[in-house]
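Encoded as structure tokens, the structure appears first; notes follow it.
2 protein chains.
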Amino acid sequence: MPPTITAFANSPDRGRGHARDMRVRWALEEVGQPYDVRLVSFEAMKQPGHLALHPFGQIPTFEDGDLALFETGAIVLHIAEHHDGLLPAGTNARARAIAWMFAALNTLEPPIVELGMAMLLERDKSWYDERLTVLNHRVRVRLGELSVRLGDADWLDGAFSAGDLLMVTVLRRLNASHILGDYPTLSSYVARGEARPAFRRAFEAQLTVFTAASKHAP
Amino acid sequence: MPPTITAFANSPDRGRGHARDMRVRWALEEVGQPYDVRLVSFEAMKQPGHLALHPFGQIPTFEDGDLALFETGAIVLHIAEHHDGLLPAGTNARARAIAWMFAALNTLEPPIVELGMAMLLERDKSWYDERLTVLNHRVRVRLGELSVRLGDADWLDGAFSAGDLLMVTVLRRLNASHILGDYPTLSSYVARGEARPAFRRAFEAQLTVFTAASKHAP
Chain A
1 MPPTITAFAN SPDRGRGHAR DMRVRWALEE VGQPYDVRLV SFEAMKQPGH
51 LALHPFGQIP TFEDGDLALF ETGAIVLHIA EHHDGLLPAG TNARARAIAW
101 MFAALNTLEP PIVELGMAML LERDKSWYDE RLTVLNHRVR VRLGELSVRL
151 GDADWLDGAF SAGDLLMVTV LRRLNASHIL GDYPTLSSYV ARGEARPAFR
201 RAFEAQLTVF TAASKHAP
Chain B
1 MPPTITAFAN SPDRGRGHAR DMRVRWALEE VGQPYDVRLV SFEAMKQPGH
51 LALHPFGQIP TFEDGDLALF ETGAIVLHIA EHHDGLLPAG TNARARAIAW
101 MFAALNTLEP PIVELGMAML LERDKSWYDE RLTVLNHRVR VRLGELSVRL
151 GDADWLDGAF SAGDLLMVTV LRRLNASHIL GDYPTLSSYV ARGEARPAFR
201 RAFEAQLTVF TAASKHAP
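Protein chains in written order, with full-length UniProt numbering: chain A, 1 to 218; chain B, 1 to 218.
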């Protein structure tokens, strides 16, 4: 039995690959592990059945035999630990790749999500311009630091790793703004990630779900 | 040579244990690993020497022989993987404990930090009351879900783990507000964490740094 992940029955990002199942799909594609997908509605996500798998009522989840996991960082790390291709072999290099996983999710993603939410929800508020300036600055500080560290390397620390996988998906959340264009080093980095065959397969798979759901929409 | 961590020379939290070195100190105390501390000023944190260790110019860092790490999640996980006491032995239980580490840092901490920052920086803004309502709601939704999952258990999944360690430090950030008092299950959980001898030793160690720095302040 292949592992089963959950994903939005009807993704609010309209198939642009920003929903977090994309990260798990990409990791599974990188290591060549087939998987099943169970689609869940927004209503079902908050019901006891799904909450038993995910205490915060979100997607994705990951079920493999007796194991049920939530949190994309943990799922991607679990996949990386049980297959070759997403973590380097050396102990120290492995620890550093994991540091980039946490950096993506705890240092880069929070200000990027905050900016995205403000652009989505606060556009008609009196304070929008003032807040946007602050939020943009917070994101740009982190992008500047990341850009300097990456330099002219292809990936953050040697070969492509689970750290790069998560960082690319986090930076892709900025696609709707034009910020990333001011950091050519990072734009190229994201493009390198998106060009990987495993990324393309994962992207097409999640897009197919959205396209099929749209056809059946009233 | 014991490992060396970095910490604020003069912590902005005035020794209340909210700076992120607290998490690493606590983990090291739990596993009985002695450590050295190198204090860094705000200026030094943004200089090339420190940026080589931490690309985002923050504390803590962790140096052990040839290995240099940043990101508290990665450092705590590294400590947990190389010593007994912070991760369960079973493969599945271990993966679930790591899921709680990511949940603490990627699901709970971002809205809690956002609320804390608004309370610190936006108090005199015209929008403060309206924003505070939104931010409080986001935090309360997560606390409610976490409270339900914890139930009457002592810890999130069996014995105390690195997941509980990070979750308790994240929830402690709410100490300045009175929100946690509305979730007695979580207040007791945090109190259980703070009562652990390893927590007490780590707390005293970081408080001593702050007290000594204050004595020498002009």
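Ideal placement from N, C-alpha and C gives every residue a C-beta, glycine not left out.
Shown in chain order are the members of the segment 111-129 of chain A whose Cβ falls below 8 Å from a Cβ of chain B: 113, 114, 125, 126 and 127. For residue 23 of chain A, not one C-beta of chain B is nearer than 7 Å to its own C-beta.
The alpha-carbon separation between residue 68 of chain A and residue 123 of chain B amounts to approximately 42 Å. Closest option to residue 211 of chain B, judged by alpha-carbon separation, among B:104, B:4, B:12 and B:88: B:12. Ranking A:169, A:134 and A:202 by CA distance to the CA of residue 32 of chain A puts A:202 first.
In terms of CA proximity to residue 111 of chain B, B:136 leads the group B:181, B:128 and B:136.
Residue 130 of chain A and residue 208 of chain A have their C-alpha atoms roughly 39 Å apart. Inclusion of residue 140 of chain A and residue 108 of chain A in the CB contact set at 7 Å is not warranted, their separation being larger than that value.
Residue contact check for residue 78 of chain A against chain B: a CB pair falls below 7 Å.
By the neighbour-count criterion, in which 16 or more other beta carbons inside 10 Å mark a residue as buried, residue 30 of chain A falls on the buried side. With contact defined as three or more Cβ pairs closer than 8 Å, the segment 98-106 of chain A and the segment 68-88 of chain B are in contact.
For residue 39 of chain A, the enclosing beta strand (DSSP E) has its first and last residue at 36-40. Counting the other Cβ atoms within 10 Å of the Cβ of residue 49 of chain A gives fewer than 16, which makes it exposed. In the DSSP annotation of this structure, the continuous segment of the alpha helix (DSSP H) that includes residue 169 of chain B starts and ends at 162-172. Identification of chain B residues near residue 66 of chain A by a Cβ-Cβ cut-off of 9 Å yields 92, ordered along the chain. Using a Cβ-Cβ cut-off of 7 Å, residue 107 of chain A counts as an interface residue toward chain B, since at least one Cβ of chain B sits closer than that to its own.
A check of alpha carbon separations from residue 75 of chain A across A:55, A:121 and A:25 identifies A:25 as the nearest.
Listed as beta-bridge partners of residue 72 of chain B by DSSP are no residues whatsoever. Beyond the five residues adjoining it in sequence on each side, residue 118 of chain A comes within less than 7 Å, by CB distance, of 131, 132 and 135 in the same chain, given in chain order. In the DSSP assignment, residue 97 of chain B is bridged to no other residue. Between residue 53 of chain A and chain B, the shortest Cβ-Cβ separation is not below 7 Å.
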